[in-house]
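These notes are about the structure you will find just below.
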Amino acid sequence: MPITFEPFETDWQQDPYPLFQQLRDEAPVHWAPQAKAFCITRYEHVASILNDPTLFKADSREYRLQRAQAKNSKRTQVALIIRMLRAVRVPPWRFASSRMLIQVDGESHRVMRNVVNRGFTSQRIAAWEPRIRALANGCVESFSKKERFDLVEELAVPLPVGVICAMLGIDAERRHDFKRWSDQIIQSVGGAFAIDQVDGKAVEAIGELRAYLAPIVRDRRRDPREDLISTLVDHRSAGGLSDLEILLFVMLLLVAGNETTTNLIGNAVDTLLDHPDQLARVASDPECIPGLVEESLRFESPIQYRLRIATERTEIAGTEIPQGALVVAMLGAANRDERRFPDAHRFDITRDTRGHLSFGFGPHFCLGAALARLEASVALETLLPLLSGLARVTPEPTWVASTMVRGHRRMDLMQTTRP
Ligand code: HEM
């Protein structure tokens, strides 16, 4: 019987893994008629697609624009584009030629990545550890006295948002606004990193974010500090970012960096609660935390897929992929491929997880991987004294309503033993 699987429909979200296994075994290159896309589930194929930007380009704007056009009327679409251009205050030709790191390939990507990378070197990230620890301690202290709390709201969300605010040098009194802009932008693009597909509310948020950032960018150009904006501004003359590209990059950080890390922390705790043996192990030995973070990433990938477009006619596992076809590289399925990870459905914090694809692979490999790893490790370490005494209030998970993102909207926990 042919397998029914549509990557953009949420019906598989509850328990995708048996379906992924069937796809890997019987239809590793699966045609999804509604999405009009080829879905790729084996590790070997997903890794080679992500690693070959010449054959599979990252820029899928044209495809997404077509989908947006199919969803909105032409008038709504044009009105949104005009509002967007007003919000970012640039003429259409400048907007069209502005680069967004995650959507460019080749030399253009390399140059841009070199610039932004300076804010994310391992040294720079390690220097944030005390700040991350202080933020995590503050969160855990405030809910450790409660009998019940929502882990997502009280730790997994505020920690990455607090860190990115600190990195960008956002004033403490504007953090609530920043969180609101961030939420509105993220809700609109649905975790798709599709900045060009925003709705009206997000356009307003982008306008406010631009108005907030513009004087900071001007100021940092005159008087650089130790923050990320200064790093981006500082390299403008060396083929660096325009003001609009800085805005787009900050938006990318919000979308690519916040919810993903939130979901990593939530997924790690949720999976531990289902595996008391692994929980006992980490509770007795905090040295296991880095292994726990990597295995959680592999086991429940916070980003389930990335999109690519075939630049020429090609073939995967004997199936022809026409030029211009949309390809869905299923990270979450590849991470459970038994051909790559023996006994892949077993959650084992001591296993060799090297090569998992949760941060992508190749030239677009996650810029914030070291930061995400550090934040998740610190969050779990800070939570450690409470972990063994925690239980779910309700058994059913509430998944984020996006198939690209895998994570919990909320996670109500209770303390069965007081610390
Ligand atoms: C657990 C947390 C995270 C996960 C699972 C994750 C996942 C990913 C994935 C899969 C990609 C590759 C996209 C592609 O190939 O199309 C990516 C790229 C990216 N990520 Fe992350 N990410 C996380 C955290 C972060 C953080 C904390 C930041 C920054 C604050 C960040 C910034 C970026 C950026 C800027 C890119 C684009 C890189 C490029 O195109 O060269 N991410 N991320």
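Adding 175 to a residue's 1-based position in the sequence shown gives its number in this note's numbering.
Beta carbons are placed, not taken as given, at the ideal position from N, Cα and C, and that holds for glycine.
Source: prediction; values computed, not measured.
Buried/exposed call for residue i, threshold 16 Cβ in 10 Å
{"i": "His520", "result": "exposed"}
{"i": "Ser577", "result": "buried"}
{"i": "Ile370", "result": "Because the pLDDT at Ile370 is just 45, under 50, the model does not fix this residue reliably, and the point stays unresolved."}
{"i": "Phe368", "result": "Unreliable positioning characterises Phe368 in this predicted model, as indicated by a pLDDT of 44, which lies under 50. The coordinate reading is nonetheless provided below. Its Cβ being crowded by 16 or more others within 10 Å, Phe368 is buried."}
{"i": "Asn312", "result": "exposed"}
{"i": "Gly493", "result": "exposed"}
{"i": "Gly366", "result": "Unreliable positioning characterises Gly366 in this predicted model, as indicated by a pLDDT of 44, which lies under 50. The coordinate reading is nonetheless provided below. Gly366 should be labelled buried."}
{"i": "Ala592", "result": "Residue identity check: residue 592 is Thr in the sequence provided, not Ala. The residue in question, Thr592, is exposed, as its Cβ has fewer than 16 Cβ neighbours within 10 Å."}
{"i": "Gly161", "result": "Because the chain in this structure spans residues 176 to 594, residue 161 falls outside the shown range and cannot be described."}
{"i": "Leu287", "result": "The sequence given here has Met at residue 287, not Leu. The residue is buried, with at least 16 neighbouring Cβ atoms inside 10 Å."}
{"i": "Asp518", "result": "exposed"}
{"i": "Asn433", "result": "buried"}
{"i": "Pro162", "result": "For residue 162 there is no data in the structure shown, the boundaries of the chain being 176 and 594."}
{"i": "Pro333", "result": "buried"}
{"i": "Phe540", "result": "exposed"}
{"i": "Ala508", "result": "buried"}
{"i": "Gln235", "result": "Checking the sequence, you will find Ser at residue 235 rather than Gln. Buried is the call here."}
{"i": "His351", "result": "exposed"}
{"i": "Val502", "result": "buried"}
{"i": "Ala566", "result": "exposed"}
{"i": "Val392", "result": "buried"}
{"i": "Gln498", "result": "exposed"}
{"i": "Arg199", "result": "buried"}
{"i": "Gly535", "result": "buried"}
{"i": "Ala431", "result": "buried"}
{"i": "Arg548", "result": "buried"}
{"i": "Gln359", "result": "buried"}
{"i": "Pro228", "result": "buried"}
{"i": "Met176", "result": "exposed"}
{"i": "Ala603", "result": "What is shown of the chain runs 176 to 594, which leaves residue 603 out entirely."}
{"i": "Met589", "result": "exposed"}
{"i": "Glu316", "result": "exposed"}
{"i": "Val568", "result": "exposed"}
{"i": "Pro570", "result": "exposed"}
{"i": "Arg261", "result": "exposed"}
{"i": "Ile257", "result": "exposed"}
Paired residues, beta bridge with residue i - DSSP
{"i": "Ala504", "result": "Ile215 and Arg481"}
{"i": "Ile491", "result": "Thr494"}
{"i": "Arg585", "result": "Thr573"}
{"i": "Trp206", "result": "Phe213"}
{"i": "Gln590", "result": "Leu565"}
{"i": "Val580", "result": "Ile478"}
{"i": "Phe231", "result": "Ala485"}
Whole-number beta carbon distance between residue j and residue i, since they are thought to touch under 8 Å
{"i": "Met505", "j": "Thr216", "result": "5 Å"}
{"i": "Ala545", "j": "Ser297", "result": "6 Å"}
{"i": "Ser563", "j": "Ala458", "result": "5 Å"}
{"i": "Leu596", "j": "Val291", "result": "Outside the shown range of the chain, which is 176 to 594, sits residue 596, and nothing can be said about it."}
{"i": "Leu429", "j": "Ser357", "result": "5 Å"}
{"i": "Glu550", "j": "Ile307", "result": "6 Å"}
{"i": "Glu181", "j": "Gln209", "result": "5 Å"}
{"i": "Ser283", "j": "Arg293", "result": "The Cβ separation is near 17 Å, so there is no contact."}
{"i": "Leu555", "j": "Ile464", "result": "5 Å"}
{"i": "Lys354", "j": "Val336", "result": "6 Å"}
{"i": "Gly441", "j": "Gly543", "result": "About 17 Å; that fails the 8 Å criterion."}
{"i": "Arg400", "j": "Gly466", "result": "Not really, about 37 Å apart at Cβ, beyond 8 Å."}
{"i": "Arg483", "j": "Ala233", "result": "6 Å"}
{"i": "Glu328", "j": "Arg585", "result": "7 Å"}
{"i": "Thr446", "j": "Phe474", "result": "6 Å"}
{"i": "Thr128", "j": "Glu470", "result": "With the chain represented from 176 up to 594, any question about residue 128 goes unanswered, as that position is not in the structure."}
Short CB-CB distance (under 8 Å) between residue i and chain D
{"i": "Leu260", "result": "The chain inventory of the structure shown lacks chain D, comprising one protein chain alone."}
In chain order, each alpha helix (DSSP H) run of at least 4 residues that lies wholly inside the segment 306-391: 333-343 and 350-364
Secondary structure, alpha helix (DSSP H): runs of 4+ residues fully inside the segment 418-466: 418-428, 434-449 and 451-459
Beta strand (DSSP E) segments (min. 3 residues) lying fully within the segment 498-557: 501-505
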